[in-house]
Amino acid sequence: MLNGLKVGNEFLSPGWTNYKRHIQYQEYDITGMLQDSNVIDITVAPGWYSGDFGGNGRTKNYGDQTAVFAEIHIWYGDRKEIIRTDESWKWGVGQTLNSEIYHGETIDHRKQTLCEGEVVPFDIGERKLIAQQSPPVRIINELEARDLIHTPNGETVIDFGQNLSGFVELTIQGKEGMEVLISHGEVLDRDGNFYNGNLRTARAADKFICKEGLQRFRPRFTYHGFRYIKVEGLGTDPSLSWFKACVLSTDMEGTVEFSCSHPLINQLWSNINWGMDGNFVDIPTDCPQRDERLGWTGDAAAFIGTAAQLRDVYLFFRKWLKDLESEQSDEYGIPHIIPNILGERGGAAMWSDSATIIPWTLYQIYGDKEILELQYDSMKRWVDLMERQETPNHLRQTGYQFGDWLAMDTEQIAQWPYGATDPYFIASLFYAYSTQIVSKTAALLGYKKDARRYGELYGKIRKGIQEEYITRTGRLVCETQTACLLALRFDLVPEEHREKVKYRLIENIINHGKKLTTGFIGTPFALHVLTSIGAHDIAGDLLLNEEYPGWLYEVKKGATTIWERWDSMKPDGSFNESGMNSFNHYAFGSIGSWMIEQLAGIGFLEAGYKSIRLKPLFINGLTEVSARRETPYGTLSCSWKCTGGEILIQGSIPVNTTAELHLPEKEEVRHLGSGSFSFRYPTKTDLEQR
Ligand code: BGC
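This is how it looks when you write it as structure tokens:
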């Protein structure tokens, strides 16, 4: 704060990095805030560094001392003066009495800050100070309170109408000493009572202690995942206007818009977006509400294809991948969370393959080889480790695996979250996939020897997989939906057997009542694979399915973000009580990329959209889809309508790019240059709007 005003509009600075190696610093221009005489005060809180963080009683992950380092650089034209934090500064306890990311903050407005304590030097040792790497966390949106609810249990609850990450600002005419407690929850239970049982040990409650008069409270070093708050201590019914929800997220530019003729799908799209905002809080977290909020690598790998569509995530992930590389180990590979505070655990399929999948996806979307250059060593080191650990027939059959996390293909999902797909089958397929990515990356970067070496290794793994997991007659040893999806997606099925595996996949989906049973591993690929094998109609049915389990089932249950589990809320309104149940997890929101690429048809032939592929594909149940995406070359849009016996396709192509447009129903490809386009022609299809 400078002269009582907040410097900058950022939250949770300096952000979370691998604090053992590097800590970010931030720069602010304070010229306009200066007066003749100035007072600077800086408040620090435990945060990720020394707070109660990581679950299971973990605390003080990096040290027990909070510290601050600041410099003011003043230019007087011909000379420069630097004022630094040093022993002449004083410290004291201010109005923020305590603050923890999981537990919330206590602010006492009656307190005056008395700074009389001597400061002690803090040695940052080997750690480096580095400039801020990614866009900061800011308030990206503010929501008015929507409803005041008196629950059957007699609680006073306020509904903001949207599950989100952030905090509540309270403006109140206070009485000296009045204590207001605000607790946060994502859902009401089936009786309509306040519920926060899924937050585990996170108390997620802010306590505001009033002075006399009108005042505004805002916690500053914590955030919560919530839609509802329970308010205690007011002694009277509050007015909705006293409360405002401030939405916190890394402030990234939105790059895609999507809408269609189906309201529930538009709500799903909104849920995917809110899920992303709520979990991109400086690092890609799994969830924003319980005692976790960790950078689970598998979740990020599952969602990257959609994340890179929705927002400009390039710098966000470049920062996080730098941490990933710095945490990488030659014994256990890529840790399961980044930054890593869980110790020596790593190596699970997809979680650790984030090291290859994420840079590769960023390259595809942004067309910038820089990210591959930066991550190349890390990508290679991960594949090299898998190679050192492979079986004689080049398979990955070792290490802790999460399987097809949270798949619904076993009855005992609550006790057994790993799904029914053979975990080493998954691990071997991801080994092949990562190796292929490294080989392609080497070729792109001009490392010919490596390209050959990893290309050959990929060939051996592919052969090993075919010998071990695919019978001579073309059956997969494990025939879950996810197993079929991965084998097809990673192109590991011999040509002569592809039809059989496709058949098995479709049969499996139909046997499950046209529902998916896939978990974190299978879901991101599911609809893309179905479309690519000519079963786009089934992909459409899966999207439009409103019954349990499915995307629109959640929407119909009132979801405003994506749930962690297909059965987070069961058809009878009860919750999954396994002790791990979040209503804001983004992995199953990975369907977003399919909505853009296959439904709206916006894709590319060349990384970074230099050369574009527009191939909208209709599904029965939708009559209109419209999408826009920002590419490195400008805005690209495509929308279609199929009503009243005619098809209308229109949009625009950015400058310096070319596009091929596949006209639906016609076996016709039009080659387009930049500018707008529009095609109207009669249709044989009668799409039914559901
Ligand atoms: C997290 C997941 C994560 C998983 C791995 C969970 O607690 O919330 O999203 O990937 O653990 O086991």
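Residue numbering for the sequence shown follows our numbering, beginning at 9 and increasing consecutively.
Don't be surprised by glycine CBs; every beta carbon is placed ideally from N, CA and C.
Residue interval of the alpha helix (DSSP H) (run including residue i)
i	result
Lys-457	456 to 477
Leu-453	431 to 453
Leu-550	544 to 552
Thr-369	362 to 374
Ser-386	378 to 396
Lys-238	From DSSP, Lys-238 is part of no alpha helix (DSSP H) but of the beta strand (DSSP E) over 232 to 240.
Trp-250	Run containing Trp-250: none; DSSP gives neither H nor E here.
Asp-155	Element bounds for Asp-155: not the alpha helix (DSSP H) but the beta strand (DSSP E), 155 to 158.
Asn-516	506 to 519
Trp-282	271 to 287
Ile-704	Summary: the structure shown does not reach residue 704, with the chain confined to residues 9 through 698, and so no result is reported for it.
Gly-55	55 to 58
Tyr-322	322 to 335
Leu-560	559 to 564
Boundaries of the beta strand (DSSP E) in which residue i is found, first to last residue
i	result
Leu-669	666 to 671
Ala-491	Looking at the DSSP string, Ala-491 is not in any beta strand (DSSP E); the run it does join, the alpha helix (DSSP H), is 489 to 497.
Phe-19	It is not in any beta strand (DSSP E) - Phe-19 carries neither H nor E in the DSSP assignment.
Arg-678	676 to 680
Arg-92	88 to 92
Lys-215	213 to 217
Val-188	187 to 193
Phe-225	221 to 225
Leu-350	Leu-350 -> no beta strand (DSSP E), and no H or E assigned at all.
Glu-177	164 to 182
Ser-107	104 to 108
Val-264	264 to 268
Arg-637	632 to 639
Glu-113	112 to 116
Gly-411	Segment: none, Gly-411 is in no beta strand (DSSP E) and carries neither H nor E.
Proximity of residue i and residue j at Cβ, strictly below 7 angstroms
i	j	result
Asn-3	Ala-567	Because the chain here runs from 9 to 698, residue 3 falls outside it and cannot be looked at.
Thr-39	Ser-58	no
Leu-256	Gly-193	no
Glu-152	Cys-254	no
Gly-600	Thr-314	yes
Phe-311	Ala-595	yes
His-505	Gly-472	no
Tyr-236	Val-165	yes
Cys-650	Phe-687	no
Cys-268	Leu-630	yes
Val-537	Arg-480	no
Leu-622	Cys-646	yes
Gln-170	Gln-34	no
Thr-490	Gly-530	yes
Thr-449	Tyr-466	no
Asp-361	Gly-23	no
Phe-528	Gly-306	yes
Cys-123	Lys-98	yes
Integer Cβ distance of residue i from residue j, believed to fall under 8 angstroms
i	j	result
Ile-661	Ile-620	6 angstroms
Leu-329	Ile-373	The pair is not a contact, with the Cβ atoms about 14 angstroms apart (cut-off 8 angstroms).
Gly-616	Gly-454	With 8 angstroms as the limit, Gly-616 and Gly-454 do not qualify as a contact, their Cβ atoms being about 18 angstroms apart.
Ala-357	Ile-478	Their Cβ separation, rounded to whole angstroms, is 18 angstroms, which puts Ala-357 and Ile-478 out of contact at 8 angstroms.
Asp-60	His-117	About 25 angstroms; that fails the 8 angstroms criterion.
Thr-569	Gly-283	4 angstroms
Lys-377	Leu-318	With a Cβ gap of about 23 angstroms, Lys-377 and Leu-318 do not count as contacting.
Secondary structure of residue i, DSSP reduced to three states
i	result
Gln-697	coil
Met-358	coil
Ile-655	strand
Val-537	helix
Glu-614	coil
Ala-139	strand
Ile-529	coil
Gln-606	helix
Leu-13	strand
Phe-61	coil
Met-41	helix
Quiz: which residues have CB nearer than 7 angstroms to the ligand FAD non-hydrogen atoms:
This structure simply doesn't include the ligand FAD; it includes the ligand BGC instead.
Three-pair Cβ contact test at 8 angstroms for the stretch 287 to 303 versus the stretch 601 to 612:
The stretch 287 to 303, when compared against the stretch 601 to 612, does not touch it at the 8 angstroms Cβ threshold.
Are three or more beta carbon pairs between the stretch 49 to 59 and the stretch 101 to 108 nearer than 8 angstroms?
Because the criterion of three Cβ pairs below 8 angstroms is met, the stretch 49 to 59 and the stretch 101 to 108 touch.
For the stretch 630 to 639 against the stretch 672 to 684, are there 3 or more C-beta pairs whose distance is under 8 angstroms?
Between the stretch 630 to 639 and the stretch 672 to 684 there are fewer than three inter-stretch CB-CB distances shorter than 8 angstroms, so the stretches are not counted as touching.
Are the stretch 187 to 204 and the stretch 315 to 323 in contact at 8 angstroms, needing three or more beta carbon pairs?
Not touching, per the Cβ criterion.
Inspect the CB distances between the stretch 574 to 585 and the stretch 287 to 299 and report whether three or more fall short of 8 angstroms.
Taking 8 angstroms as the limit for Cβ pairs, the verdict is that the stretch 287 to 299 does not touch the stretch 574 to 585.
Does the pairing of the stretch 18 to 30 with the stretch 139 to 149 give three or more beta-carbon distances under 8 angstroms?
Yes, since at least three Cβ pairs between the stretch 18 to 30 and the stretch 139 to 149 fall closer than 8 angstroms, the two stretches touch.
Inter-stretch contact (C-beta, 8 angstroms, three-pair minimum) for the stretch 383 to 399 and the stretch 338 to 349
Touching, yes, given that three or more Cβ pairs across the two stretches are closer than 8 angstroms.
Cβ pair count under 8 angstroms reaching 3, the stretch 171 to 188 against the stretch 245 to 253
They touch, by the three-pair rule.
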